[in-house]
Amino acid sequence: MARPRVGVAVLTMGTRPAELGALLDSVARQDEPPARVVVVGNGTGSLPELPEGVTGVELPENRGVTGGRNVAIDTLRSFGDVDVLVDLDDDGLLVDTDVFRRLVDLYETEPELGVVSFRIADETGETQRRHIPRLGAKDPMRGGEVTTFLGGGHGLSMPMLDRIGGWPEDFFFAHEETDLAWRALDAGWRIKYAPELLLQHPKTSPARHDVYYRMTARNRVWLAKRNLPAALVPLYLAVWVLLTVARTRSARGLRAWFAGFAEGLKAPAGPRRPMRWSTVLRMTRLGRPPII
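Per the numbering used here: the sequence shown = residues 71 to 362.
In structure tokens:
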């Protein structure tokens, strides 16, 4: 069987040209080079000059994380020579030169592998708690099978995407990884957290703007409406209302969150394909039942 070929997708809004250049340099230094590299300008107007061999795609408007990454999927698929798609944030950096080789080793030996989640750490080597894809986990170096993955750096099987579809376009951003992960699990694919695959990324807080709270709440409702068995939808949403009230210290943030929650209840969520109860059981055995 031929060794899987990697295609790299980077989404940018054109606001980090220096970081983008450094990331592409780190991609070029990999000891197993990718077959393709695509940079999607998400409403940037024009992309900066890209290295030779890198394909640029300029979108006239910002289509969000989901829309931009779907364009990247379609672009890489059109070449016909990519088996594993690697999404990287434009302000990330591949510190090690063997990331793609080790990633391909995983896909080569585990054909049922759908998603591989990288470890994300800042310049000091610290991994934020929210970047460990397990409930209650404290050790970022503990790898293994999980139920979700990190958006900043990951590998996706192209055969898996061909089967389950791409990112949920209307989400724009927030919880798009969970939506894709649940669909992958329900189709029988595995998700693996591989901490040996490092993406260096600046430490940030996602809760900087009201739009974060609104989109997080709206998409949380859509996630449930699209993917959960009917009996679990109210339970899942009730759990997240309680958790959000308990965790959120900003009254303004809470108002924005509940506005987004109401929007999610009223607005259509897209096609509904509830997961099987066997998938619910599988996720529960992996430590994260789909009610939290």
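Note that CB positions come from ideal geometry on N, CA and C, so glycine has one too.
At the C-beta level, Val152 and Gly77 come within 8 Å of one another.
Contact between the region 86–94 and the region 159–175 is present, with at least three C-beta pairs closer than 8 Å. Taking one beta carbon from each stretch, the region 252–261 and the region 227–243 have 3 or more pairs nearer than 8 Å; the two touch. DSSP places Lys295 in no beta strand (DSSP E) but in the uninterrupted alpha helix (DSSP H) bounded by 280–297. The beta carbon of Leu120 sits closer than 8 Å to the beta carbons of Leu94, Val109, Gly126 from its chain, once the five residues preceding and following it are set aside; these are given in chain order. When C-beta atoms of the region 259–276 are compared with those of the region 187–198, three or more pairs fall below 8 Å, so the two segments count as touching. In the three-state reduction of the DSSP assignment, Ile190 falls in the strand class, which pools E and B. Taking 8 Å as the cut-off, the Cβ atoms of Phe170 and Gln270 do not count as close. Distance from the CA of Thr85 to the CA of Leu293, rounded to the nearest whole angstrom, comes to 30 Å. For Asp157, the enclosing beta strand (DSSP E) starts and ends at 154–159. Taken atom to atom, the span from the alpha-carbon of Asp166 to that of Asn112 is near 28 Å.
Note on geometry: alpha-carbon atoms of Val315 and Gly206 lie some 19 Å from one another. Taking 8 Å as the upper bound for CB-CB distance, Ala244 and Leu155 are not in contact here, some 21 Å apart. Within the DSSP bridge table, the entry for Leu129 names Asn112 as partners. Contact annotation, Pro299 with Val174: C-beta distance approximately 36 Å; criterion of less than 8 Å not satisfied. If you ignore the 5 residues before and after Thr318, its C-beta comes within less than 6 Å of the C-beta of Leu324, all in its own chain and listed in chain order. Ranked by Cα distance from Ser227, the first of Gly340, Thr218, Glu193, Tyr177 is Tyr177.
No Cβ-Cβ contact shorter than 8 Å links Thr217 with Leu313. For Arg86, no alpha helix (DSSP H) encloses it, and the DSSP letter there is neither H nor E. Shown here, Arg319 sits in coil according to DSSP, grouped into three states, outside any helix or strand. Beta-bridge analysis with DSSP links Arg260 to Leu183. A residue is called buried when at least 16 other Cβ atoms come within 10 angstroms of its Cβ; Ala72 does not meet this threshold and is exposed.
According to the DSSP assignment, Leu226 belongs to the beta strand (DSSP E) that extends over 223–227.
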